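One structure is given below, encoded as C-alpha cells.
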Amino acid sequence: MARIDLVDLAHSYGGKNAPEESFALKPVTMTWRRGGAYALLGPSGCGKTTLLNLISGIVTPSRGKILFDGVDITTQSTEKRNIAQVFQFPVIYDTMTVGQNLAFPLKNRGAPKREIEARVAEIARLLDLTPYLSRKAMRLTADAKQKISLGRGLVRSDVAAVLFDEPLTVIDPELKWQLRSKLKALHRDLDLTMIYVTHDQTEALTFADTVVVMHDGRVVQSGTPAELFDRPAHTFVGYFIGSPGMNIVPAEVKGRQARIDGYTIALNRSYERLPAGAKIEVGVRPEFVEVAPPAPDLLAANIERIDDLGRVRIARLRIGNIKFAARMPPGISIHGDVAGLKFDPAHVHVYADSLLVEGVA
Ligand code: ATP
C-alpha cells in the first residue's frame, strides 16, 4: 500500500488551455495516508470518476503531479502503478470458477501457488464465497458476481491502493447494507489503502475514516464524518451531508450577532472582518435549532408540516421565502402555524461566498 500525494492536480477534457472554471477537476493538492479508508463523495458529474481515473492512470492529467510513496508516477501506465480497481459492474470471467476468478490477479503476477491458495481462501472466507469456490461464475446472480469482482480487487496484498467506483450499484438493497459494513471490516483486516467513490452519503460515512467531498470539480472538504457534520467547510457540505441537510440563510453578521429576517441571534464566535462584498450566510443544522411557541425574542417561522421520523420529529418551516428545518422537542405542540426558533450558538456557522469563516473564539 502507498501514501498518495496529489500536487496541484487538475484535469480538463477540453485541453489544458480551456478556462479553469470549465475543468472537470479543478486544481487540488492533498495527501491520502497509507492504509487509509477514504470515500470520494459528491453528486453526479462533480468529478469523482475523473479523480479516480487520474490516480489509476486511465486518464493523464492536464496539470500537476501524482506521487506514490514520494515517487512521481504521473506519466506511468496503469499496470506499472500497481492499482486494483473495482467498477460499478462485475468484471469477471464467466467460464472460470469463482476460485479461478479470485486467483487470476495473483496468477497473472506469477505469485507462488501456495500463496495464491491461501489468499484466495482468505478472501473467499471474508466475502462468504467459500461454498461457491468450485462453481462456474456464469451461473451466479449479479450480486454474487459483483462480490467476486470485489474479491478480485482485494486479493493482492501488494497493491498501492484499491479503488472502488460505485461498487454496490448493482447490489440488492439488503445485501448492499451487509456489504457496506463488510468492506469496512475488510479494510481493517487487509490493511490496504482504499478509495471508494460514491454519491451516497450513507455508503461514504459507513465505509470511510476520511470523506473527501467534491462539488463542481473541486474538493471542498476532506475530514472525518464528525468533522463534516460539525463544521462543514463549505455550504455544499452542510447541505449535502445530513438528512435533512444544513439550513443556510442569508444574514447580516456583526461581531457576535447575526441578523436574520429582522431578528438577532447570538453567535459563539466573533466575526469582525468579513470579506467586503461577499455573500454572507448563516448555516445551522436542524438538530441544533429547536422549535418553540412564538415569542418576541425568537426568530419567527411559518410551519408547513411536521415530519415524524420515529425517534425525532422535524418541523418543515419557512422564513420568508427560505425553507428551514428544525427539531421538535418531545412533547411540545404548537398552536397556530407560526413557531419561534431557538438556536444553539455553538453550532451556528458563518459563511462568506459559501466558505466557512473561522471567527474568533
Ligand atoms: P458520475 O457519478 O455521474 O459518474 P462523477 O462525479 O464521477 O459523476 P465525472 O464522470 O468525473 O463525474 O465527470 C466530471 C465532468 O467531466 C462531467 O461534466 C462530465 O460530463 C465530464 N466528463 C467525464 N468524462 C468525460 C470525457 N471522457 N470527455 C469529456 N467530458 C467528460
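According to the working numbering, the residues represented by the sequence shown are -13 to 347, in order. We put the CB at the ideal spot given by N, CA and C, even for glycine. Here the structure is a predicted model, which is why all the values come from computation and not from measurement.
Between the beta-carbon of residue i and the beta-carbon of residue j, is there less than 8 Å?
i	j	result
Val346	Ser256	yes
Val(-7)	Leu53	yes
Leu136	Val72	yes
Thr179	Ile(-10)	yes
Asp294	Arg302	no
Asn233	Phe310	yes
Arg192	Lys168	It should be pointed out that residue 192 corresponds to Thr in this sequence rather than to Arg. No, they are not a contact pair.
Arg105	Leu92	yes
Ala128	Leu27	no
Gln187	Ile227	yes
Gln74	Pro159	no
Pro272	Ile300	yes
Ala325	Ala287	yes
Thr46	Thr35	no
Ala70	Val148	yes
Give me, in chain order, the residues of the same chain whose beta-carbon lies closer than 7 Å to that of residue i; leave out the 5 immediate sequence neighbours on both sides.
i	result
Thr64	Ser42, Gly43 and Ile44
Lys12	Ala(-4), Glu6, Gly203 and Arg204
Val298	Arg313
Leu172	Leu112 and Leu140
Ala4	Ser(-2)
Ser30	His185
Asn39	Val45
Going by other Cβ atoms of all chains shown within 10 Å of its Cβ, with 16 needed for buried, is residue i buried or exposed?
i	result
Ser8	exposed
Glu267	buried
Ala25	buried
His335	buried
Asn307	exposed
His321	exposed
Asn87	buried
Asn94	exposed
Ala123	buried
Pro279	exposed
Gly241	exposed
Glu276	buried
Lys133	buried
Lys265	exposed
Lys66	exposed
Val57	exposed
For residue i and residue j, which I take to be in contact (beta-carbon distance under 8 Å), what is that distance rounded to the nearest angstrom?
i	j	result
Leu285	Ile305	7 Å
Ser340	His220	6 Å
Ala(-12)	Ala146	4 Å
Tyr118	Val84	5 Å
Near residue i, what residues of its chain come up, given a Cβ to Cβ distance below 6 Å and the 5 sequence neighbours on each side ignored?
i	result
Pro98	none
CB-CB under 8 Å to residue i, same chain, minus the five flanking residues each way: which ones, in chain order?
i	result
Ala10	His(-3), Ser(-2), Tyr(-1), Gly33, Thr36 and Gly203
Gly248	none
Ile109	Leu88, Leu115, Gly137, Leu140 and Val141
Counting only runs of 3+ residues fully inside the stretch 193 to 273, write out the beta strand (DSSP E) ranges in chain order. If only complete runs of 3 or more residues are kept, the stretch 193 to 273 shows the beta strand (DSSP E) at 196 to 201, 204 to 209, 233 to 236, 238 to 246, 249 to 257 and 266 to 270, in order along the chain.
Give the list of continuous alpha helix (DSSP H) stretches no shorter than 4 residues that lie fully inside the stretch 58 to 83. With a minimum length of 4 residues, the continuous alpha helix (DSSP H) runs that stay inside the stretch 58 to 83 are 64 to 67.
In chain order, what are the residue ranges of uninterrupted beta strand (DSSP E) at least 3 long that sit wholly in the stretch 276 to 316? Complete beta strand (DSSP E) runs here, min 3: 285 to 294, 299 to 305 and 308 to 314.
Could I get the ranges of all uninterrupted beta strand (DSSP E) runs contained in the stretch 114 to 142, with 3 residues as the minimum, in chain order? Runs found: none.
Could you tell me which uninterrupted beta strand (DSSP E) segments, each at least 3 residues in length, are contained entirely in the stretch 22 to 61, listed from first to last along the chain? Taken in chain order, the complete beta strand (DSSP E) segments of 3 or more residues contained in the stretch 22 to 61 are 23 to 27 and 49 to 54.
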